[in-house]
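Going by our numbering, the sequence shown opens with residue 22, and the numbers climb by one from there. Glycine included, C-beta positions come from ideal geometry on N, C-alpha and C.
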Amino acid sequence: MSVSAAYISLTSIILVEMVGLDRLTNSFGLLSLFRGASSILGPPLA
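This is the structure in structure tokens:
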């Protein structure tokens, strides 16, 4: 439980360091898109 909480809370900080503050919203949107696609496609493939 604590690992997922740390992952969620550090996501925006890591994205800002990787892509910069000006691209944070676009990168967060793409990350959410890929998270959603993997949660939809993952279980049937497993």
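S30 is the residue among G63, A67, S23 and S30 whose C-alpha sits nearest the C-alpha of F49.
In the DSSP assignment, L62 falls within the alpha helix (DSSP H) that extends over L45 to L66. Bounds of the alpha helix (DSSP H) holding L36 are S23 to V40. Leaving aside the five residues that flank V40 on each side, the residues in its chain whose CB is nearer than 6 Å to its CB run, in chain order, S48. Residue environment: L36 is assigned as buried (16 or more neighbouring CB atoms within 10 Å of its CB, all protein chains considered).
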